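Numbering (my numbering), first residue to last: 25 to 216.
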């Protein structure tokens, strides 16, 4: 669908309002009508641009791209990944928070999260480590750590993690990522 300047502004306002509502109210309590009111548009425009609440949720749930992680050989991938991850969560986490909050109770949110991981994260890992046969498993372990960190620090605000300095957090996270990238993760699976 091609957008005029006016419709592009409306679409952007709807996405921003949806990200805030989903983060604040959760998937179940968020309504198309409330999003439209926050965006200053008619509810029919929300449906026109996004078809359904589930499609809008998906569109509003991922605003950051891991492609800014330097995957070039010789770059410190762990340092860069930790920096990008923390920057995203410290800057504006509303859309990501909505997706992570919805995932435990909504299968469609899990599918959307899996799609984000498959289409946006995994290619970055594969580009950075093309020679590794177990790159998908290592990427999954790293993502599990960062999702756990996001839940504990930014969503649940568990102490002392919530008040840990950014520098200390970055150092610890980069070290964990390096271990997942460099150390053996166990015996290879047996064929059979």
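Quick reminder that beta carbons are idealized off the backbone N, C-alpha and C, glycines included. No experiment lies behind these values; they were computed from the predicted model shown.
Residue nearest to residue i in terms of C-alpha spacing, selected from the options
i           : options            : result
residue 201 : 149, 184, 44       : 149
residue 120 : 57, 51, 195        : 51
residue 60  : 76, 48, 42         : 42
residue 127 : 32, 38, 78         : 78
residue 146 : 172, 161, 133      : 161
residue 203 : 166, 111, 190, 134 : 166
residue 83  : 53, 132, 192       : 132
Supposed contact pair residue j and residue i - C-beta distance, whole angstroms, cut 8 Å
i          : j          : result
residue 62 : residue 44 : 7 Å
residue 34 : residue 69 : 6 Å
Contact under 8 Å by Cβ, residue i with residue j
i           : j           : result
residue 81  : residue 46  : yes
residue 198 : residue 103 : yes
residue 186 : residue 113 : no
residue 2   : residue 195 : Residue 2 falls outside the range modelled here, since the chain spans only 25 to 216, and no answer is possible.
Close-in-space but distant-in-sequence residues of the same chain around residue i (CB under 6 Å, 5 per side omitted)
i           : result
residue 170 : 109
residue 130 : 51
Cβ-based neighbour list, residue i, same chain, cut-off 7 Å, excluding 5 preceding and 5 following
i           : result
residue 137 : 123, 127
residue 125 : 50, 179
residue 58  : 45
residue 141 : 167
Close Cβ partners of residue i (< 8 Å) along its chain, the five nearest in sequence each way excluded
i           : result
residue 182 : 176
residue 38  : 59, 60, 63, 65, 69, 70, 73, 74, 80
residue 209 : 158, 161, 162, 165
residue 56  : 67, 70, 71, 77, 80
residue 190 : 110, 114
residue 205 : 101, 102, 153, 162, 166
residue 184 : none
* To do: Within the segment 25-67, note down every full beta strand (DSSP E) run reaching 3 residues or more, in order along the chain.
  => For secondary structure counted as the beta strand (DSSP E) over 3 or more consecutive residues, the segment 25-67 holds no complete run.
* Can you give, in chain order, each stretch of the alpha helix (DSSP H) that sits fully within the segment 96-168 and has at least 4 residues? -> Runs of the alpha helix (DSSP H) inside the segment 96-168: 101-115, 118-126, 131-140, 146-152.
* To do: Any chance you could list the alpha helix (DSSP H) runs of at least 4 consecutive residues sitting entirely within the segment 163-205, in chain order?
  => Segments of the alpha helix (DSSP H) lying fully in the segment 163-205: there are none.
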